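Take the sequence shown: its position 12, counting from 1, is numbered 12 in this note's numbering, and each next residue is one higher. From the three backbone atoms N, C-alpha and C, an ideal C-beta is built for every residue, glycine too. Keep in mind that this is a model prediction, so the values were computed, not measured. Everything on this sheet refers to the single structure shown next.
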Amino acid sequence: MTIPDQNTRKILAVFAHPDDESFICGGTLAKYASQGVEITLVSATRGEMGRRMGNPPYLNRESLPAARELELRQACTCLGIEQLHFFDIRDKMVEFADEESLIARVSALIRDIDPDVVLTFHERLGGHPDHCAIGKATTAAHKRTGHRSHLYFITFGDMMNHPERFGYTRKDVIRIDVHAFLEAKLAAFRAHRCQTEIDEWVWLPDQEALKRFGNYEYFLKGNTGTPNRDLQDLF
Ligand SMILES: [Zn+2]
Numbered sequence: 001m002t003i004p005d006q007n008t009r010k011i012l013a014v015f016a017h018p019d020d021e022s023f024i025c026g027g028t029l030a031k032y033a034s035q036g037v038e039i040t041l042v043s044a045t046r047g048e049m050g051r052r053m054g055n056p057p058y059l060n061r062e063s064l065p066a067a068r069e070l071e072l073r074q075a076c077t078c079l080g081i082e083q084l085h086f087f088d089i090r091d092k093m094v095e096f097a098d099e100e101s102l103i104a105r106v107s108a109l110i111r112d113i114d115p116d117v118v119l120t121f122h123e124r125l126g127g128h129p130d131h132c133a134i135g136k137a138t139t140a141a142h143k144r145t146g147h148r149s150h151l152y153f154i155t156f157g158d159m160m161n162h163p164e165r166f167g168y169t170r171k172d173v174i175r176i177d178v179h180a181f182l183e184a185k186l187a188a189f190r191a192h193r194c195q196t197e198i199d200e201w202v203w204l205p206d207q208e209a210l211k212r213f214g215n216y217e218y219f220l221k222g223n224t225g226t227p228n229r230d231l232q233d234l235f
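Laid out in structure tokens, this is it:
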């Protein structure tokens, strides 16, 4: 029997779809997992309304949810994510889910897991209604629980290389160097096969495909208690 280590660092990531974790911040998750950080991922939906059904298509609306769940589990293995939860909200419907019950579910997880870091989407900059809705509920849950953890918003590509365009400054942004974890990120992209099959670059020889990734992933600080001293680490 292994006794849980009181000092184990923990991340709780609350996202909307299977693939958000890999496509947006897979390098960072792989990096922290490799350092022994325990990662719990929530996918609010099973991504069952995705338009991509494989290439050539081999899935349909009936078979897509189970396929996407399986792919997400494989991606979690690639990245080192240990715990996975689904909220079983219908894809594209998160914004219509009862907000109070969503906040209550995220709050319960925060209390249960007692993470050091909470990751979610920015409620305005999330780029998709499901992303914004899960981000808004998670931000509200984090505030309501008054939990000690640091809250960060995941961001797309290198948009936060220019935070001033979005009304933020460099001090609001954490930049994680993920260059050593791009192979794990690529493996996670490939695990999400029905979504990435149509993207030819993903299936190029590794050295070619890896060139598509940036060496950094960017996170926006979500609460004022977040430490300022080091803009290269989430903890
Ligand atoms: Zn998504």
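One alpha carbon belongs to Arg-73, the other to Gln-35, and they sit about 20 Å apart.
Counted as a single uninterrupted DSSP element, the beta strand (DSSP E) harbouring Tyr-152 occupies residues 150-154. Shown here, Ile-11 sits in a strand according to DSSP, grouped into three states. The beta carbon of Asp-91 sits no closer than 7 Å to any heavy atom of ligand 1.
Around the beta carbon of Tyr-152, a 10 Å sphere encloses 16 or more other beta carbons of the protein chains shown; the residue is thus reported as buried.
Contact between His-131 and Leu-234 is absent: CB atoms are separated by about 19 Å, not below the 8 Å threshold. Cys-25 and Ala-184 have their C-alpha atoms spaced approximately 11 Å apart. For Arg-175, the pairing in a beta bridge is given by DSSP as Tyr-218.
A residue is called buried when at least 16 other Cβ atoms come within 10 angstroms of its Cβ; Tyr-58 does not meet this threshold and is exposed.
Boundaries of the alpha helix (DSSP H) around Thr-196: 193-196. A Cβ-Cβ separation of about 14 Å leaves Val-94 out of contact with Ala-141 under the 8 Å criterion. If you ignore the 5 residues before and after Cys-78, its C-beta comes within less than 6 Å of the C-beta of Ala-184, Ala-187, Ala-188, Ala-191, all in its own chain and listed in chain order. Take Glu-48, set aside five residues on each side of it, and the residues of its chain with a beta-carbon closer than 8 Å to its own are Arg-61, Leu-64, Pro-65, Arg-68, Arg-90, Asp-91, in chain order. Taking C-beta separations shorter than 6 Å and ignoring five residues to either side along the sequence, the partners of Asn-215 in its chain run His-179, following chain order. In the DSSP assignment, Leu-29 falls within the unbroken alpha helix (DSSP H) covering 20-34.
For Thr-120, the secondary structure class from DSSP, reduced to helix, strand or coil, is strand. His-85 is bridged by DSSP to Val-42.
Distances taken from the Cβ of Ala-133 to the heavy atoms of ligand 1 include none shorter than 7 Å.
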